[in-house]
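Colleague: To start, I am sharing the structure in question, which I have written as structure tokens.
2 protein chains.
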Amino acid sequence: MMASCLNEPGKTWAFWRRLVSSAEVTDGKKLRLGVLASGKGSNLRALAEACASGEIAAEIGLVLCDLEDAGALDVARGAGLPHRFIAPGRFRTKLDDEAESAYIAALREAGVDLILLTGFMRILKGEFLRAFENRVVNIHPSLLPSFPGLEAWKQALDHGVKVTGCTIHFVDQGIDTGRILAQRAVEVLDDDTASSLYARIQEAEHALYPSTVARIARGEISFG
Amino acid sequence: MMASCLNEPGKTWAFWRRLVSSAEVTDGKKLRLGVLASGKGSNLRALAEACASGEIAAEIGLVLCDLEDAGALDVARGAGLPHRFIAPGRFRTKLDDEAESAYIAALREAGVDLILLTGFMRILKGEFLRAFENRVVNIHPSLLPSFPGLEAWKQALDHGVKVTGCTIHFVDQGIDTGRILAQRAVEVLDDDTASSLYARIQEAEHALYPSTVARIARGEISFG
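Sequence lines, in order, name chains A and B.
Numbering of the first sequence is given in our numbering, commencing with residue 13 and proceeding in unit increments.
Numbering of the second sequence is given in our numbering, commencing with residue 13 and proceeding in unit increments.
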């Protein structure tokens, strides 16, 4: 029976891989998510609500913040999600080695399958990415490959584009260069300021991130 | 009266410049367009129809092609537009000096105010751009600054983006780097091939090019 299924016309290897991946995820236990955040936690809130409503067939196993007063910690508290502040160490734009090890240990201990970056303002290095290979997802506020790096909405406005947006992608060693999973376009208006444009991009993010993680949880996008 | 108008709150310099620019264009004679094409002429057809229907308050004064059998020449004939083939000379990707001079002379003789490139497959050099400074407009099949250069839809597909589109921009000395006037997003579908994606981008082009030239003709976008 299985053999005849495998020969079914039109069923690609990607189809079967998705099926197996989906079975792995749904068989036994729910997909467990780790969320890393530095900011006010609006994407975390959107993800937590989508998990609670069942839109995403997954649960958030741990929220980690590198800032003790990050709004994301309040969001996690409010939603009853496990959460921790772990000090990032002595650098400004990355975790130091000790901190990185502490982040990896906490996420492993929480048994997370997939790590979602939601405005996490530190570059993750080789050790972290090797620990969770092809299991780290980021959201970036532009239509990559345009405007990688910081304050992408300002870069877009300064460049004079009329359409920008947001991108969900796997994290690799480059800056915002990993495989793209989903994108959504946002129009730039003639009277946009950096903050009005960023606000509309964030609205798009709050829809795109949950719908994309839901597709991952259904096995429609493979990872790991 | 004029002085009090100039002080009216909310009226920016851009507003007054548009008003003056619009008056310059509409006072006396219609905006005259020169169209350069190498291909089948589908953007030319869309522009010609929009001029005929009055959507664009302008007239096409001359269509120039660098290929004797370009479909664009048939489109021009069918629409009763002045048209000429001018041999591009001995290079493959640009006009030679003699040809460039012939193109400039023909466009000047036709009295065109604005030059529209519609899939014109040759780079225009300094002499041409100085002759028509800030008066040369191009349409490019991607959301610039992503994927400048040739076969942008293939570049987009190979990169794995989920959103691409088309861009209308002024032509400067760089490759697809001039000021952006308008953009439209086009979704990349999971089962897209290069040709299915390009077909949808071209549909978007056929709407965006006329609507943008209409805005130029109304003085909403300044040029020259």
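For glycine and all other residues, C-beta sits at the position ideal for the given N, C-alpha and C.
8 Å is my cut-off, CB to CB: does P157/A come that close to chain B?
Modeller: Yes - at least one Cβ of chain B is within 8 Å of the one on P157/A.
Colleague: Tell me, which residues are paired with L74/B by DSSP?
Modeller: In DSSP, L74/B forms a bridge with G46/B.
Colleague: According to the neighbour-count rule (16 or more other Cβ atoms, all chains shown, within 10 Å of its Cβ), is I187/A buried or exposed?
Modeller: Under this definition I187/A is an exposed residue.
Colleague: Are there 16 or more other CB atoms within 10 angstroms of the CB of D125/B, so buried, or fewer, so exposed?
Modeller: Label assigned to D125/B: buried.
Colleague: Is A194/B closer than 8 Å to T237/B when the C-beta atoms are compared?
Modeller: Summary: the structure shown does not reach residue 237/B, with chain B confined to residues 13 through 236, and so no result is reported for it.
Colleague: For my contact list, S50/B and D78/B are in at a C-beta cut-off of 8 Å; report their separation, rounded to the angstrom.
Modeller: Contact holds; Cβ gap of about 6 Å.
Colleague: Helix or strand or just coil, what does DSSP make of A118/B?
Modeller: Helix.
Colleague: So if I threshold CB-CB distances at 7 Å, which residues from the segment 170-181 of chain B count as touching chain A?
Modeller: Within the segment 170-181 of chain B, the qualifying residues are H171, G172, V173, K174, V175 and G177.
Colleague: Can you give the Cα-Cα distance for L220/B and F144/A, rounded to whole angstroms?
Modeller: One C-alpha to the other measures close to 44 Å.
Colleague: Below 8 Å on the Cβ atoms is my contact criterion, and I expect L93/A with A69/A to pass it. Report the Cβ-Cβ distance as a whole number of Å.
Modeller: L93/A to A69/A, Cβ: 17 Å. No contact.
Colleague: Could you list which residues in chain A have their beta carbon closer than 9 Å to that of I192/B, in chain order?
Modeller: Within chain A, the residues near I192/B are H171, G172, V173 and K174.
Colleague: Can you give the beta carbon distance from V175/B to V200/B, rounded, assuming they're within the 8 Å contact cut?
Modeller: With 8 Å as the limit, V175/B and V200/B qualify as a contact, their Cβ atoms being about 7 Å apart.
Colleague: Helix, strand or coil for V124/B? Go by DSSP, reduced to three states.
Modeller: If DSSP states are grouped into helix, strand and coil, V124/B belongs with coil.
Colleague: Contact criterion: CB-CB distance below 8 Å. Does R212/B meet it with respect to chain A?
Modeller: Cβ-Cβ to chain A under 8 Å: no for R212/B.
Colleague: Compare the C-alpha of I213/B against each of R120/B, G177/B and I98/B and name the closest.
Modeller: Closest option to I213/B, Cα to Cα, is G177/B.
Colleague: Counting only Cβ pairs nearer than 7 Å, list the residues of chain B close to A197/A.
Modeller: Those within 7 Å of A197/A in chain B are V175 and A197.
Colleague: Report yes if the C-beta distance between P157/A and H152/B is below 8 Å; otherwise report no.
Modeller: Cβ atoms of P157/A and H152/B: not closer than 8 Å.
Colleague: Are the CB atoms of L129/B and V183/B within a distance shorter than 8 Å?
Modeller: Yes; because the gap between Cβ atoms is below 8 Å, this pair is in contact.
Colleague: For L107/A and M133/A, I'd like the C-alpha separation in whole angstroms.
Modeller: If you take the alpha carbons of L107/A and M133/A, they lie about 10 Å apart.
Colleague: Can you grab the Cα-Cα spacing for the pair F159/A / L155/B, in whole Å?
Modeller: F159/A and L155/B: Cα-Cα distance of roughly 12 Å.
Colleague: Determine the direct distance from the alpha carbon of E71/B to that of L56/B, and round the result to whole angstroms.
Modeller: Their Cα atoms are separated by approximately 12 Å.
Colleague: Which residues does DSSP pair with L129/B in a beta bridge?
Modeller: Looking at the DSSP assignment, L129/B forms a beta bridge with L48/B and N150/B.
Colleague: With respect to the alpha helix (DSSP H) encompassing G90/A, which residues constitute its N-terminal and C-terminal limits?
Modeller: Here the alpha helix (DSSP H) through G90/A covers G83 to A91.
Colleague: Terminal residues of the continuous beta strand (DSSP E) containing A194/B?
Modeller: Note, A194/B: beta strand (DSSP E), I192 to E199.
Colleague: Take G101/A and list the residues in its own chain whose beta-carbon comes closer than 7 Å to its own, dropping the five residues that flank it on each side.
Modeller: These residues qualify, in order along the chain: L107, D108, E110 and A111.
Colleague: Drop a sphere of 10 angstroms on the beta-carbon of L162/A, count the other beta-carbons inside from all chains shown, and report buried for 16 or more, exposed for fewer.
Modeller: L162/A should be labelled exposed.
Colleague: Starting from I228/B, follow the alpha helix (DSSP H) in both directions and report where the run begins and ends.
Modeller: Taken as a continuous stretch (DSSP letters only), the alpha helix (DSSP H) holding I228/B covers A206 to A229.
Colleague: What's the gap between the Cα of S33/B and the Cα of E67/B?
Modeller: Low per-residue confidence applies at S33/B: pLDDT is 45, beneath 50, and the placement is therefore not dependable, though the value from the model is reported in the following sentence. Computed Cα separation, rounded: 19 Å.
Colleague: By the 10 Å Cβ neighbour count, where 16 or more other Cβ atoms means buried, how is S54/B classified, buried or exposed?
Modeller: Classification for S54/B: buried.
Colleague: Per DSSP, which one or two residues make a beta bridge with R96/A?
Modeller: The partner list for R96/A (beta bridge, DSSP) reads L76/A.
Colleague: DSSP three-state call for K106/B: helix, strand or coil?
Modeller: K106/B falls in the strand class under three-state DSSP.
Colleague: Could you tell me the boundaries of the alpha helix (DSSP H) in which G138/B lies?
Modeller: Per DSSP, G138/B belongs to the alpha helix (DSSP H) from G138 to A143.
Colleague: Using the C-alpha atoms, what's the distance from A206/B back to H218/A?
Modeller: Each residue's alpha carbon lies about 31 Å from the other.
Colleague: If I measure Cβ to Cβ from A164/B and keep anything under 7 Å in the same chain, skipping five residues before and after, which residues do I get?
Modeller: The residues are H152, P153 and S154.
Colleague: Can you round the beta-carbon distance between A114/B and I98/B to whole angstroms, since I take them to be within the 8 Å contact cut?
Modeller: Yes, they are in contact, since the Cβ atoms of A114/B and I98/B sit about 5 Å apart, within 8 Å.
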